[in-house]
Structure formats: structure tokens, C-alpha cells
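Peer 1: Oh and the sequence shown: position 228 is 349 in my numbering, straight run, nothing missing.
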Amino acid sequence: MKITIILFMLFILLITPIYAQKEGSITLLSLYEEKNETENILKGDIAELHLTITPGRGAIYIDSYPLTKINTQISTRTANQIACDLARIDCSKYDFLYVIRSKTTSIGGPSAGAGMTVLTYALLKDLSLRDDITMTGTINSGGFIGPVGGIREKTEAAAKYNFSKVIIPAINLESNITNITFPHTEVIQLSRIEEAIELFTNTVLVGEPIVINPDPLFIATMKEISVDLCHRTLSLNKQVIEQDNLTEEAREIYREASNAISEGKYYAGASLCFTANIKFRQKLVEQSTQEEKQNQYLELIKNVEFYDIEISSKPIETITDLEAYVIVEERLLEARDIIENIDEENISAELLAYAIERYHSAISWSNFFGKGVKKFILDEQSLRNSCMKKISEVEEQVEYVSTYVPTAREEIREKLKKAYEYLEDEQHALCLFKASSIKAETNMIVSLLYVPENDLQHVVLQKIESANRLILYEQQKMIFPVLGYSYAEYAHHLLENKTLSALIYAEYAIEFSNLDAYFRQKASLPFIGLDYLLPFCIGVLAGVVSTLFGVMVKPKKRRR
122 MKITIILFML
132 FILLITPIYA
142 QKEGSITLLS
152 LYEEKNETEN
162 ILKGDIAELH
172 LTITPGRGAI
182 YIDSYPLTKI
192 NTQISTRTAN
202 QIACDLARID
212 CSKYDFLYVI
222 RSKTTSIGGP
232 SAGAGMTVLT
242 YALLKDLSLR
252 DDITMTGTIN
262 SGGFIGPVGG
272 IREKTEAAAK
282 YNFSKVIIPA
292 INLESNITNI
302 TFPHTEVIQL
312 SRIEEAIELF
322 TNTVLVGEPI
332 VINPDPLFIA
342 TMKEISVDLC
352 HRTLSLNKQV
362 IEQDNLTEEA
372 REIYREASNA
382 ISEGKYYAGA
392 SLCFTANIKF
402 RQKLVEQSTQ
412 EEKQNQYLEL
422 IKNVEFYDIE
432 ISSKPIETIT
442 DLEAYVIVEE
452 RLLEARDIIE
462 NIDEENISAE
472 LLAYAIERYH
482 SAISWSNFFG
492 KGVKKFILDE
502 QSLRNSCMKK
512 ISEVEEQVEY
522 VSTYVPTARE
532 EIREKLKKAY
542 EYLEDEQHAL
552 CLFKASSIKA
562 ETNMIVSLLY
572 VPENDLQHVV
582 LQKIESANRL
592 ILYEQQKMIF
602 PVLGYSYAEY
612 AHHLLENKTL
622 SALIYAEYAI
632 EFSNLDAYFR
642 QKASLPFIGL
652 DYLLPFCIGV
662 LAGVVSTLFG
672 VMVKPKKRRR
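1. Tell me whether Asn358 is buried or exposed, calling it buried when 16 or more other Cβ atoms sit within 10 Å of its Cβ.
2. May I ask which residues mark the beginning and end of the beta strand (DSSP E) holding Asn462?
3. Pick helix, strand or coil for Ser645, following the three-state DSSP scheme.
4. Excluding sequence positions up to five away, which residues of its chain have a Cβ less than 7 Å from the Cβ of Ser645?
5. Pull up the distance between the alpha-carbon of Ala291 and that of Gly270, whole angstroms please.
6. Looking only at its own chain, which residues have a Cβ that is under 7 Å from the Cβ of Ile181, when we skip the five neighbours before and after it?
7. Using 8 Å as the Cβ pair cut-off and three pairs as the minimum, do the region 624 to 636 and the region 557 to 571 touch?
8. Is the region 539 to 555 close to the region 518 to 531, with three or more CB pairs under 8 Å?
9. Taking 8 Å as the threshold, find out whether the region 260 to 269 comes into contact with the region 568 to 576 through three or more Cβ pairs.
10. What is the DSSP secondary structure of Leu326, reduced to helix, strand or coil?
11. Whether or not the region 628 to 640 and the region 604 to 612 are in contact is what I'm after, with contact meaning three or more pairs of Cβ atoms, one per stretch, closer than 8 Å; do they touch?
12. Hey, could you find the ends of the beta strand (DSSP E) Glu255 is sitting in?
13. At what residues does the alpha helix (DSSP H) containing Asp336 begin and finish?
14. Going by beta carbon distance, what residues of the same chain come within less than 8 Å of Gln417, once the five residues before and after it are set aside?
15. Using a Cβ-Cβ cut-off of 7 Å (strictly less than) and excluding sequence neighbours within five positions of Glu274, which residues of its own chain qualify?
16. Could you give the distance in angstroms between the alpha-carbon of Val287 and the alpha-carbon of Thr193?
17. DSSP state of Gln194, grouped into three classes?
18. Could you check which residue in Glu501, Asn300, Ala445, Val567 has the C-alpha nearest to that of Val603?
19. Quick check: is any heavy atom of the ligand NAP less than 7 Å from the C-beta of Glu471?
20. Under a Cβ-count criterion, where at least 16 other Cβ atoms within 10 Å of its own Cβ denotes burial, should His305 be classed as buried or exposed?
21. Which one of Ile600, Ser634, Ala235, Leu577 has the shortest CA to CA distance from Ala588?
22. Three or more C-beta pairs under 8 Å: does that hold for the region 382 to 398 against the region 428 to 438?
23. Based on DSSP bridge pairs, tell me the residues matched to Asp166.
24. Among Thr241, Asp206, Glu535, Asn334, whose alpha-carbon lies nearest the alpha-carbon of Glu144?
Here's what the structure looks like:
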């Protein structure tokens, strides 16, 4: 009896790590060079990607033969992050070992990124992958499958190895891919990683087109902000005495704002009226005497300092509070920076006008305080940790971008200095948002790599769709991402006439739509994740069995 119990306990101890570990593989497409007498010729081939996931601390390891390039290593981390976000799983509790094996010396870069995302997601969600499908493509923010080279050679390799389907990016470098056909291999062009996962796993992720029903409280507040700023536009317009090109331009912007508001695009309307206000205010300052300018300047200093103190006392308990605080504080900081650069003896009408209107827009945006529902732990330590994590993500992205656009490195690093300054000054919330903005801008650079100009609107639409999916998921958690929704709306507004501007706002929308991922929710009861539930139950069972054994098997009393 004792031996049986001991063996059972050993068995329990041995199988517990097995349940906690996940393994799987996927076949990807690669390129290599074959030399002949006169030139190097590109050839397509396959590569095996194997992934092992174990309980850990969020480490990501890559074991490859041949050795991968630095951009492949960075794209692996990007793929991992996108898969974890898509699976809605906190991957800081796991370690990931990616093993790449290829028969030839690969000359590719990050073209395995999309496949890595599919494999990572499948293992995290315990889904089986079809082994008759292969793919190639980069992975970009929002799960966008980006273009790669050597499509013809890669698809030929897929046909050679008898795959029934080969997935390639919808946007590609070659213009002649539409005539690539094979008797037994179907070539499928996709833009979204969810669509690739659906094919590989026979599941449904995308479903019906996303329709966002904005939170009524958000709509009411955003409408209030836009109406407040646009009423200000009308008031400033009435005060202007002399008319010129500046005032006419302001009126044209106001008309565009009015149209946006009538269509329910309140963020776009607020932004446009703010721009019009600056122009009207500039004209009013130009019409002022030097004494009047100085009085306006001194009054602004007093107002900014007073309101900054008031905002600092506001409680920050929800993601909406955090967004409101940063939006308001950034505007006050901008106003203060401009104040410091104004020459009191020769006040610039343009600078003073911008600072005054920035201050007034800060007041309008403060209406979002207290409008959130779900509470999070947003103390200084949590904010500091989120800031440092986001800076780390940007630093990684900088290295990736600089492999393709070397000139971008210094520009990004210059912007990143401000995030580090915020970190040093313990302004952790501002640090997080500054680093998030920079990451969105670096994502934009990556998204533009090798994308033909006539395909740019398609990219923006896919990014807006990704942002909308994030927003919908946040809504299901009783969180409404104020900035994410506002930026997505504005990106759509800009799409037709200002496509590049639309892209950056779409990237902002993606980046600011899941800020809660960096913070823990306030909770009264401990939570055991599903991935640890089985080992936990086995441990409980083992404890019960050992207790029962201790009760049942008692030492016999010796007779005296």
C-alpha cells in the first residue's frame, strides 16, 4: 500500500510540469542564394519553426540555424507581443523558446514574423495547426501582415513541397504576383493575422465587421468639449476687427469642424475648432497694444500655475482618469514651455495665441475626470513600471527601424529623451504616454516599409479596423479608451485627403487602446489563471490523497 501511494505521488509530481508546458511547430518559407557561373540566383525553400512555452518570467529565446539577422530577432519579439495581445493572455508568466531550422543559409529578414504570430497564438490558445498550409509575411502593429520579397520563389517552394495553400501578404513588392498559379497549391493573399489564424486552425476570429457603439458618457463628454471649443471659435471671431487671410482660413476650418460635429465626429470637430481658435486668437493679439499683450501674458502665467495645482490634486483611479490627467497636463506643460520662451519685451502673437488656446483646451478636456468605471492600481510604482516597459519597447523598435531607415535612429532617440526626462522627474504618467506616442510613430515607419503609395489607404483602413477590435474588447471589460476611439475617429476623418496623417492617428489609436494591459485591476479576491488551473487542481488532489493516506495508514500500537 505504501509503495502504491508513493508511486502515485511521484507520478503526480512528474506530470504537473508536462501540463504546464506547450509545444508546437509550423513550416515557413525562406529564401537563399544559389551561385552559378555568372550570378547569384534567388531560390525558395522551407524552414521549420518550433516553439516551446513554459512557465517563466516573460523571457524570449531564439535558437536558429543558420544564424538569424538582428531584424529577425526583433521581429520575433514583435510577433510574440502581438500574439499575446490577440490571445488576451499575460505572457509575462511564460518563457518562449523559438527554434528555427533551415536547410539553407537564409537571406531573409523578418519575413517569418507572421508565421511566428500564428504559431504563438495557436499554442497559447491550445489550437491545432494544419500542416498542409505554409505562409510568409512580416507582422506589424495591429496584426497587419506586411510585404516581403521573393514571393514567386517562395510560392514555387510551397508548390514543390505539396502544400495545399500558401498565404502571402495582400500588399507585396512584386506587381506580377496575380499571375502566380499552381495546379495543386492555392495562393491566398491576406492583410490580417486573424485571417491567417483562421485558415491554419479552422476557427473563426474575425466574424462580422466591427461596429463600435461608443459609451454614451464618452459621447456626451466629447460633444461637450467640441461644443465648448467651437462656441469659443464663434466668440473669438466676433472680437476680430480686421479681416485677412488668417481669419478667413480660420472660418473655413470652423465650417469643416461644424460638418464633422454634425456627423457625430466630435473629436475631429474639437481638434479643428482648436486650430481655428489659435488663428483667431493670433489676430486678436496682433491687434492688441504692447501693454495689453503683457497683461494677457501675465494672466496666462497665473492661470496655468493655478490650474496645474488643481489638476495635480485630482484622484486617478481609472484608465479614463489617467488619460484625462495626461491630456490636460500635456497641454499645460506645452503652454508653460511656450511662456518660458516668450520675450516679454517683444511678445510673439503666434506663440502667445497658441499658449492661451492650449490652456483653454486643457480646461475643456478636464471634463473626462471621474468618468471611468473600472478601477486599477495606478500608484507611482505601477506608473513607473509601465513607463519603463514602454521605453524598453521603443528602444527595441528603434533598432528594428534603423536597420531599414538608418537616418530615423537619431530623430527617434531625440524624441525619446523627453520620455527619459519625465522618468527622471518622476512624471511617470507623462513618460508612459510620451513613450507610447513615439512607439506609434516608429510603428508607422515600419508600416510604410515597401508599401506602394496606391496601397496606403488600404493599410490605414486595416489599422483602423485593428484599433476598433481593441476598442471593442476594452468595452467588453467595461473600459472605454477615450484616446484610442478619438484617434481612430480622426484617422477615418483624415483618410481621404491626408492619408499619411490618417496613418499616424491610426497607429496612435492602436497604441492607446489597451493601456490597461500595463496595470493590475483593483480586486478583493485572488485569481488563478486558466493556464495554472490544472496544475493547481492536481496539487490540491495530491494534498488530499496524502492527507487521507496519513489518516488511513496509522502506525500500529505495540503491545506491552
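Note that the Cβ used here is the ideal one computed from N, Cα and C, for glycine as well.
Peer 2: Inspection of the coordinates gives the following:
1. buried
2. It is not in any beta strand (DSSP E) - Asn462 instead sits in the alpha helix (DSSP H) that spans 440 to 462.
3. Residue placement at Ser645 is flagged as unreliable, the pLDDT there being 49, under the threshold of 50; the coordinate-derived value follows with that caveat. If DSSP states are grouped into helix, strand and coil, Ser645 belongs with coil.
4. With a pLDDT of only 49 at Ser645, under 50, the local geometry of the prediction cannot be trusted, and the value read off the model is given with reservation. So no residue of the chain qualifies.
5. 13 Å
6. Thr197, Arg198, Asn201, Phe217
7. yes
8. no
9. yes
10. coil
11. yes
12. Per the sequence presented here, residue 255 reads as Thr, with Glu not at that position. Thr255 -> beta strand (DSSP E) spans 254 to 256.
13. Premise fails: Asp336 is in no alpha helix (DSSP H) and is neither H nor E.
14. Val406, Ser409, Leu473, Ile477
15. Leu152, Leu163, Lys164, Gly165
16. 21 Å
17. helix
18. Ala445
19. What this structure holds is no ligand at all, so the ligand NAP is not there to describe.
20. exposed
21. Ser634
22. no
23. Ser151
24. Thr241
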